[in-house]
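**Q** Dumping the structure here so I can ask a few things about it.
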């Protein structure tokens, strides 16, 4: 029999790399800060000058942040996503000819996300669980258990409230044409509310996994053997 080649020393010693956390996938704390800078710059420049100057300032800052992350060899996905988002906001602002158009894309995106999470809950496919299971390739066994699915229903409900509140508040400020408060609401209702929803989702995942593990353990337990019946004495 031919022997299998022994693994290399570096393969034996190299530990499995842990999966990046959600915060790391978003670019870390610096990524969260960077994504807020163009919005702050837009609001300040619009207050000091006009929306055209504010728009160019926001786009310039977004490009500068992307280049900075490239030079520092930091993850580019958050920077590219932010740059594309700013580009869409800039396009809408130019088309509407108003500073508040800069926030229209985010407002209607919140409504679309709210509707998607709501529909998923109504059809018994809570999106919080679907997204998590898809990202981790863990399957959808939790749907077969009412208690496990309920945890994801709760997490999905929180996401519905988060996106719904963003749309209601920011759409009202949009109608009031209050660009300054729109910028404040965009930042204040962004990461704080998202962090709460993520925390509830993590709680739901742990509770659902614990429930499924408990059910699997119960199925693996052998059934107790029946006690032998005493032999009947002949009459």
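In my numbering, the protein residues as written are 880 to 1114. No residue lacks a Cβ here, since even glycine has one placed at the ideal position from N, Cα and C. None of these values were measured; they are calculated from a predicted model.
Can you tell me whether residue 1030 is buried or exposed? The criterion is at least 16 other CB atoms within 10 Å of its CB, across all chains shown.
**A** Looking at its Cβ environment, which holds 16 or more other Cβ atoms inside 10 Å, residue 1030 is buried.
**Q** Taking the alpha helix (DSSP H) that residue 1097 falls in, what are its first and last residues?
**A** From DSSP, the alpha helix (DSSP H) with residue 1097 extends over 1070 to 1099.
**Q** Is it buried or exposed for residue 1013, if we count other Cβ within 10 angstroms and need 16 for buried?
**A** Its Cβ having fewer than 16 others within 10 Å, residue 1013 is exposed.
**Q** Going by beta-carbon coordinates alone, are residue 1006 and residue 1035 separated by less than 8 angstroms?
**A** Yes, they are a contact pair.
**Q** Within a Cβ cutoff of 7 angstroms, which residues of the same chain sit near residue 1060, ignoring the five residues on either side of it in sequence?
**A** 1052, listed in sequence order.
**Q** Can you tell me the Cα-Cα spacing of residue 1016 and residue 1077, whole angstroms?
**A** So the alpha carbons of these two residues sit roughly 19 angstroms apart.
**Q** Give the DSSP-derived three-state secondary structure of residue 925 in the structure shown.
**A** Helix, per DSSP.
**Q** Please work out which residues of its chain come closer than 6 angstroms, Cβ to Cβ, to residue 980, disregarding the five sequence neighbours upstream and downstream, and give them in chain order.
**A** Here the set comprises 971 and 972.
**Q** Please report the residue range of the alpha helix (DSSP H) in which residue 990 lies.
**A** Residue 990 -> alpha helix (DSSP H) spans 983 to 1001.
**Q** Go to residue 1015, then tell me how far its alpha helix (DSSP H) extends in each direction, as first and last residue.
**A** 1006 to 1015 is the span of the alpha helix (DSSP H), which, as asked, contains residue 1015.
**Q** Just verifying my parser: in three-state terms, what is the DSSP assignment at residue 902?
**A** For residue 902, the predicted structure reports a pLDDT of 48, less than 50, and the residue's modelled location is therefore unreliable. A value from the coordinates is still provided. Helix at residue 902.
**Q** So, are the CB atoms of residue 913 and residue 944 less than 8 angstroms apart?
**A** Closer than 8 angstroms, so yes.
**Q** Is it right to say residue 998 is buried, meaning 16 or more other beta carbons lie within 10 angstroms of its own, or is it exposed?
**A** With fewer than 16 other Cβ atoms within 10 Å, it is exposed.
**Q** Would you mind reading off the limits of the alpha helix (DSSP H) that contains residue 1038?
**A** From DSSP, the alpha helix (DSSP H) with residue 1038 extends over 1025 to 1054.
**Q** Return helix, strand or coil for residue 914, following the three-state DSSP convention.
**A** If DSSP states are grouped into helix, strand and coil, residue 914 belongs with the helices.
**Q** If the criterion is Cβ atoms closer than 8 angstroms, does the pair residue 941 and residue 924 meet it?
**A** For residue 941 and residue 924, no; Cβs fall outside 8 angstroms.
**Q** Comparing C-alpha positions only, which one of 1001, 1099, 1086 and 1011 sits nearest to residue 1024?
**A** Here the closest residue by C-alpha is 1086.
**Q** Thinking residue 982 and residue 1042 are a contact (beta carbons under 8 angstroms), I'd like their distance in whole angstroms, please.
**A** The pair is not a contact, with the Cβ atoms about 15 angstroms apart (cut-off 8 angstroms).
**Q** So, is residue 975 buried or exposed, given that buried needs 16 or more other C-beta atoms within 10 angstroms?
**A** Residue 975 should be labelled exposed.
**Q** Under three-state DSSP, which class holds residue 955?
**A** In this structure, residue 955 counts as coil in the three-state DSSP scheme.
**Q** With DSSP collapsed to three states, give me the class of residue 977.
**A** In the structure shown, residue 977 sits in coil (DSSP, three-state: anything other than H, G, I, E or B).
**Q** So what's residue 1062 in DSSP terms, helix, strand or just coil?
**A** In the structure shown, residue 1062 sits in a helix (DSSP, three-state: H, G or I).
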